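Visitor: Just dropping this structure here.
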Amino acid sequence: HLEAGHGKLPKRNEMASKIEASFEATPGSLLLLLGDLNYRIEGAPDRGPIVEPTKATAPEARCERFVAEFEQVVAICEAGAACQELFPSRCQLRQAMTAGFAFRGFEEAPVGFHPTYKREPVGSDPAFLGAPCFDRKEPRLPGWCDRIIWRRGAGVQVSVSDYSAVESATDRK
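The letter at position 1 of the sequence shown is residue 4 when you use the numbering used here, and the numbering goes up by one with no holes.
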């Protein structure tokens with residue numbers, strides 16, 4: 004579980020660097036990391052950094068820029084278009100990996116599932132095909148927080164048969 008909070012990206016990247024330094028990729032080795040890595044969807048790049056409210060922030064004190072960004076991102080997610088419109092270009096984890104700030108040399112299967120952070124459970128009907136809903140009481144930018152990434156040594160093959168989220172349940176409240 005890496006450092007939580009949208010603005011804690013530098014701390015998450017620092018924690019990632021410590022994990023990387025603890026394990027050497029040697030021939031035949033495989034380092035598999037899975038869990039709540041806490042990387043979120045980044046705000047629009049042309050608008051500057053976002054100040055996300057805390058739980059203690061009163062609704063009327065929320066920054067207008069955050070509220071507008073939140074509504075835009077959630078609308079994209081709830082329309083079922085997050086993977087097409089926001090991933091990987093606005094995914095903090097993928098940005099950090101690509102830039103070499105975190106998890107250098109790690110790989111991940113293609114992400115085709117809805118963001119999991121701050122998503123409401125969609126119900127227990129296995130036939131449910133609708134898009135997710137996101138928590139508006141305590142607004143936070145959604146994210147693909149729950150991830151599986153790996154770094155493999157020479158000679159190791161990785162095959163992924165399924166990489167998805169359990170759409171009928173979430174602990175991301």
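Just so it is clear, CB atoms sit at the ideal spot from N, CA and C, and this is done for glycine as well.
All of these numbers come straight from a predicted model, not from anything done at the bench.
Buried or exposed, going by whether 16 or more other CB atoms sit within 10 Å of the CB of Pro52?
Guide: The residue you call residue 52 lines up with position 49 of the sequence shown. Counting the other Cβ atoms within 10 Å of the Cβ of Pro52 gives fewer than 16, which makes it exposed.
Visitor: Ordered along the chain, which non-local residues of its own chain (more than five positions away) have a Cβ less than 6 Å from that of Pro142?
Guide: Indexing the sequence shown from 1 puts residue 142 at position 139. Within the same chain, Pro142 has close Cβ partners Phe73.
Visitor: Going by beta carbon distance, what residues of the same chain come within less than 7 Å of Leu12, once the five residues before and after it are set aside?
Guide: Taking the first residue of the sequence shown as position 1, residue 12 is located at position 9. These residues qualify, in order along the chain: Gln95.
Visitor: Since Phe26 sits in a beta bridge, which residues does DSSP pair it with?
Guide: Within the sequence shown, residue 26 is the residue found at index 23, counting from 1. For Phe26, which the question treats as bridged, DSSP gives no partner whatsoever.
Visitor: For Val54 and Ser32, I'd like the C-alpha separation in whole angstroms.
Guide: Position 51 of the sequence shown, counted from the start, is the residue given in the question as residue 54. Position 29 of the sequence shown, counted from the start, is the residue given in the question as residue 32. Taking the straight line from one Cα to the other gives about 40 Å.
Visitor: Quick check on the DSSP output: what are the complete alpha helix (DSSP H) runs of length 4 or more inside the region 43-112, in order along the chain?
Guide: 67-81, 85-88, 95-102, all fully within the region 43-112.
Visitor: Going by beta carbon distance, what residues of the same chain come within less than 7 Å of Met18, once the five residues before and after it are set aside?
Guide: Here residue 18 corresponds to residue number 15 of the sequence shown, with the count starting at 1. Counting only Cβ-Cβ distances below 7 Å, and skipping sequence neighbours, we find Leu5, Glu6.
Visitor: Considering only residues of the same chain and omitting the five flanking positions on each side of Ala168, which have a CB-CB separation below 8 Å?
Guide: Here residue 168 refers to the residue found at position 165 when the sequence shown is read from its first residue. Within the same chain, Ala168 has close Cβ partners Phe116, His117, Thr119, Asp149.
Visitor: Do you know offhand how far Val77's Cα is from Asp138's?
Guide: As a first step, residue 77 is located in the sequence shown; it is residue number 74 there, counting from the start. As a first step, residue 138 is located in the sequence shown; it is residue number 135 there, counting from the start. Each residue's Cα considered, the two are about 9 Å apart.
Visitor: For a test of the three-state rule: what should DSSP assign to Arg122, helix, strand or coil?
Guide: By 1-based counting over the sequence shown, the position of residue 122 is 119. Of the three classes helix, strand and coil, the one that applies to Arg122 here is strand, per DSSP.
Visitor: Quick one: measure Cβ to Cβ for Trp153 and Leu36, integer angstroms, because I've assumed they're closer than 8 Å.
Guide: Stepping through the sequence shown from its first residue, residue 153 is reached at position 150. Stepping through the sequence shown from its first residue, residue 36 is reached at position 33. With 8 Å as the limit, Trp153 and Leu36 qualify as a contact, their Cβ atoms being about 7 Å apart.
Visitor: Is Gly158 closer than 7 Å to Ala28 when the C-beta atoms are compared?
Guide: The residue given as residue 28 occupies position 25 in the sequence shown. The residue given as residue 158 occupies position 155 in the sequence shown. Their beta carbons are not under 7 Å apart, which means Ala28 does not touch Gly158 by this criterion.
Visitor: Under a three-way DSSP split, which group does Gly38 fall into?
Guide: Residue 38 sits at position 35 when you count from the first residue of the sequence shown. In this structure, Gly38 counts as strand in the three-state DSSP scheme.
Visitor: Look up Arg139 in the DSSP assignment and say whether it is helix, strand or coil.
Guide: Taking the sequence shown and counting its residues from 1, the one referred to as residue 139 is at position 136. Arg139 falls in the coil class under three-state DSSP.
Visitor: Determine the DSSP secondary structure at Leu12, reduced to helix, strand or coil.
Guide: Position 9 of the sequence shown holds residue 12. Collapsing the DSSP output to three states places Leu12 in a helix.
Visitor: Is His9 near Arg65, with beta carbons less than 7 Å apart?
Guide: Position 6 of the sequence shown, counted from the first residue, corresponds to residue 9. Position 62 of the sequence shown, counted from the first residue, corresponds to residue 65. Not closer than 7 Å, so no.
Visitor: Cα-Cα, which of Phe109, Gly146, Ser25, Arg122 is closest to Cys136?
Guide: Against the sequence shown, residue 136 aligns to sequence position 133. Among Phe109, Gly146, Ser25, Arg122, the Cα nearest to that of Cys136 belongs to Arg122.
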